[in-house]
Each structure stands twice: as C-alpha cells, then as structure tokens.
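Be aware that the first sequence starts at 607, since it is given in our numbering, and climbs by one per residue.
Data block below; observations after.
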Amino acid sequence: MRIPISAVTTETTEAEVIGWIHEVRDLGGLAFYILRDRTGFLQATIVKKKAPESVLAAAKDASRESVVRITGVVKATEKAPGGREILPETFEVIAKADAPLPLDVAEKVPAEIDTRLDNRFIDARRPRVAGIFQIRSTVQNAITDLFFREGFINITTSKIVAAATEGGTELFPLAYFEKEAFLNQSPQLYKQMMMAAGFEKVFEIAPIFRAEEHNTTRHLNEATSIDVEISFADHEDVMDLLERVVVGCYTKVAEECPTAIDAMGIDFAVPNAPFPRITYAEAIDIAAISIEEDITYGDDLSTAAEKAIGDEMGEHYFITDWPTAIKPYYAMPFEDDPSVCKAFDLMHPRMELSSGAQRIHQHDLLVEQIQAKGLSPESFEFYLKPFRYGMPPHAGWGLGMERLVMTMLDLPNIREAVLFPRDRHRVTP
RNA sequence: GCCCAGGUAGUGUAGGGGCCUAUCAUGCAGCCCUGUCACGGCUGCGACACGGAUUCGAAUUCCGUCCUGGGCGCCA
C-alpha cells in the first residue's frame, strides 16, 4: 500500500512510497536519492555493498524527475532530512524523465517567468509554486463556504454575450454562427437580472475576459472574478460582507496552509477588520500632496495616485463616495447629492482588489444614467426589461481572485497566481 | 494604443569592434569518493534569435523581421 511521504515518520518501520526523484547525491559507496511527492520529501539511502542488484540497476536508470516506486525499511536517523530515511528493498522506475529538464525543479538555478509558464507542469512541481495553488484553492473554498453559510445561491451565467456590459473595456469578438458575439467582461448584468428573479443573494466565481492590450504585472486578459449581488441591501451591507470575505479567507489560509506558507517563505498576516474607509475626495487630497502630477476632484486615480494613497494607508482600505461621472451607469447616486454615488473600491496598498456599489433599481433613472454616459438604451433592452417588472433594491461587488491571491502572498507578478495565464502574448499552454 | 528595455549552451548568466577557438554556475556524460543535505574532486559535452548592411575584422555597431519582459493609459 502506497502511503504519502508525509506519512513516513520516525515511527514508521516499513513503507511503500511513490514520488519524483528530486535530487541525487551519489557519494560512491553510498547514494542518496531525494524523493518528492506533494506532501514532502523523503531520503532514500542506498548502501551499494548491501543493496539488492535490482535496486542498484533501477537507481542508476532513474534520472532526476523520474517517477519511482520504492519499498523498504524506514529508519529514524538524525543524519537524514526529516529525521528518517528509507532503505530501498525494491526500486522501480515507473516513468522516466528525459534529460535535460526544461527547468530546474530543485531551484539551484532560477528560471524566468516565461520559461516557467512554457513548462508550467514542471514549474508547479516546485513546492513554492504548488503552495500558491493550494492556497488559491483554500481561498476559493473559504469564500464559497462563507457564501453558502450566509444563504447565497451559486449561479453560473453565460460567458458568450451579444454586447458590452459596461462600455469602456475592449471585448474579444467571437464568431457565433451568423451572429456577432463577445466573451463576457463581467457577469454584472446577469447578477442583477437574478435579483429581478427574486434569488436575493447570488454569487458566481467564474472567468471574465478583457481584450485590453496592457502589458503589466497586474493585468490578465482572462481573470477569475468573485461576484456577488444581494437584494434589499445597500453599499454599506456589501462592504461589510466584502470585509468578512477577505478576512475569512486569510484566516482559513493561516489555519489550513501553514506548510505552503512556510514553503513560500513569506510573512503572512491576517488583516484587521474593519478596514479604514476614506472618501474619494479624501483619497484625492492624499494623492495631491504626495505625487508630482496634477490631480483634482473628478479624475480617475492614476497608478501613481493609487500607490501614494496605498503607502499612506498601509493596509486594506475602502474608497467610498465616488463621483457619479467616473463610475459605471448602474451605480446608485446619493439622493441628497446625485453627483456622488454609492460606489466603493476595496484597495490593497499595492492595487485595487474589488469594486462594488449599491445599484440603481429604478428603470427610468437607469435609462437616464445610460444616456448620460453616452450609451444607447436600445442596445441594453434585454438588461433594462427586468427593471420594469419589480426590481428590488440591491447591491453587490466583484473581487479579482488573482489580485486577492497575489496581494495575499506578495507575488511580484499576477501570472504567478494563475496556472495558465492569458496575457497580451500568451495563449499556450 | 503610447513609451522603454531585452533576446548568448536545457536553465540562469558574463562579455558592448580584434584579447572570443565566448565566462561562470547549474545540468548532462565518464572517472574517483560510505553520511550527503547547494556533497566534494578531475575530465569532457553543450549557445551568440533570424535576414541584410558597415568594417580588413561583428556576439558586440546600424537597418529590418520575429519573439519576449516592463511601464503608462484603461481596468479587476
């Protein structure tokens, strides 16, 4: 019976393990084969004078990164990594690895991100990289758990759409039989339609597509969006939820992934709630005193401005009370001052993580706002229709999964947070 | 879309007109080595993205092509 490497302890007497040959150190009469599976490392020690002939032959044949099965006696010893080693009685090469390897799993020599992504399957054998995706899995699980505990319905909406959701961003066009179609940039309109359907609380964790030709360490052309929408809720309610989601997933990662965090060698701290909240106007003031460029009320926050404010805040924070003019048409204006709306962004000191708002649920006001943005209500008919038949007030947000993981683990490049990133140039693997 | 920077063995690098028959590390192959943990020692293998130009001479300068990284704008 094969057991995981982490189950081989100083108490173990015999074991069968399967793993990859991580490193070989041949000292002559004595050879050490470091075996790796996803749970850890185990040293197989071969004493050449004593080992069976078949073990010697197989071991000689086993190149680095080959998959091997070893059975043998386990001995506790201070001299071995992990305090124990296996003395192979059988040694079988299950799948031999070619040499040279496309990159060095043992990380004696670094590899560039491009080389790593071209060979992601082998890059992901590195414990540090595997750790990222174990943590990402835990994050998604923590968030999903929280949504279910709070009574959300998990929905799946179409990624093939006929028109732009929000204007602004570029879309990937698609040949859809005799029609023109696009890959969806956001589930926004569909989430809102499900409010009209009376689902009250929905979430979706799914890909979004943006055809922007940017080339940065924080943009992807295919990203994963964590989206929620709640009826009878305002922007304050969903900001509270967002705070619970972020703190909740950090907490669960801290509890469940100590080994992965350790493998990554990072300082991991759960952020403290509540997150500070500053208004857009305050954010502009902070930026204005710390950066060179002219910035005034009504401008979008430039990258430099975002960074300056982030440095000042030093932790997660919300920016609230945005000018209606620079937020999407569906953001609800304040009743007493419609030039400001109930939209917010959740910021990490490094970058924006999420944006959300209470939405406009009144049909006529929505049409007005669509027109105010220079868009045509006719092309939004499928979206506007639900607003005429009993649309409850509602609010929601979208949170970028990759940015969440990237900032959580202090990754230098967002591509590190995706197994198979799609960027300006990369479509394979 | 705009603006930078860059492509040298499998990987990561040095070298910016002649000292280059191209450095170092890792890897791979062979030999030596019984407690390594970045094992060590010796020998060897393996590369200037492509095309053109300048020059007595180009990895190095220039032009073009292809590929890539990054910044900005926009966005999550």
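Even for Gly, the Cβ is constructed at its ideal location relative to N, Cα and C.
For a cut-off of 8 Å, the C-beta gap from residue 791 to residue 777 is around 6 Å, short enough to register as a contact.
Collapsing the DSSP output to three states places residue 879 in coil. Cβ contact annotation for residue 616 (same chain, cutoff 7 Å, sequence separation greater than five): 682, 689 and 690, in chain order.
Non-local beta-carbon contacts of residue 957 in its own chain, meaning distances under 8 Å to residues more than five positions away in sequence, involve 824, 912, 916, 1009 and 1013 in chain order. Residue 930 sits buried, since 16 or more C-beta atoms from the chains shown fall within 10 Å of its C-beta. Beta-bridge partners of residue 790 (DSSP): none assigned. If you look at residue 714, you'll find it isn't in any beta strand (DSSP E); DSSP assigns it neither H nor E. The residue among 981, 629 and 936 with its C-alpha nearest the C-alpha of residue 795 is 936.
With contact defined as three or more Cβ pairs closer than 8 Å, the stretch 669–686 and the stretch 697–716 are in contact. DSSP places residue 943 in no beta strand (DSSP E); its state is neither H nor E. Here residue 754 is exposed. Its C-beta has fewer than 16 other C-beta atoms within 10 Å.
Between the alpha carbons of residue 804 and residue 763 lies a distance of about 16 Å. Between the C-alpha atoms of residue 836 and residue 1000 there is a straight-line separation of about 5 Å. For residue 964, the enclosing beta strand (DSSP E) covers residues 957–964.
Our two residues, residue 707 and residue 810, have alpha carbons roughly 39 Å apart in a direct line. Looking at the DSSP output, residue 1005 sits in a beta bridge with 832 and 960.
Residue 890 is positioned such that its CB atom lies closer than 8 Å to that of residue 901.
The beta carbons of residue 826 and residue 631 sit about 40 Å from each other, so the pair does not count as a contact at 8 Å. Minimum Cα-Cα distance from residue 982 among the listed residues 769, 719 and 612 corresponds to 769.
The shortest CA-to-CA distance from residue 737 to any of 1005, 870 and 1031 is the one to 870.
When the five nearest sequence neighbours on each side are left out, the beta carbons in the same chain lying within less than 6 Å of the beta carbon of residue 949 are those of 928, 933, 937 and 963, in order along the chain.
Taking all protein chains shown into account, residue 639 has 16 or more neighbouring C-beta atoms within 10 Å of its C-beta and is therefore buried.
In the DSSP annotation of this structure, the continuous segment of the alpha helix (DSSP H) that includes residue 841 starts and ends at 841–862. Judged by DSSP in its simplified three-state form, residue 689 adopts helix. The alpha-carbon separation between residue 608 and residue 986 amounts to approximately 58 Å. Just so you know, the alpha carbons of residue 914 and residue 720 end up roughly 30 Å apart. In terms of CA proximity to residue 697, 665 leads the group 875, 665 and 679.
Residue pairing from DSSP places residue 632 in a beta bridge opposite 637. Within the DSSP secondary-structure output, residue 815 pairs in a beta bridge with 828. With respect to residue 973, residue 990 sits close: the two C-beta atoms are nearer than 8 Å.
Scanning 700, 908, 831 and 693 for the CA closest to the CA of residue 761 turns up 831. DSSP places residue 1033 in no alpha helix (DSSP H); its state is neither H nor E. Leaving aside the five residues that flank residue 821 on each side, the residues in its chain whose CB is nearer than 7 Å to its CB run, in chain order, 1030. Going by C-alpha positions, residue 858 is about 20 Å away from residue 952.
Taken through DSSP and simplified to helix, strand or coil, residue 989 comes out as helix.
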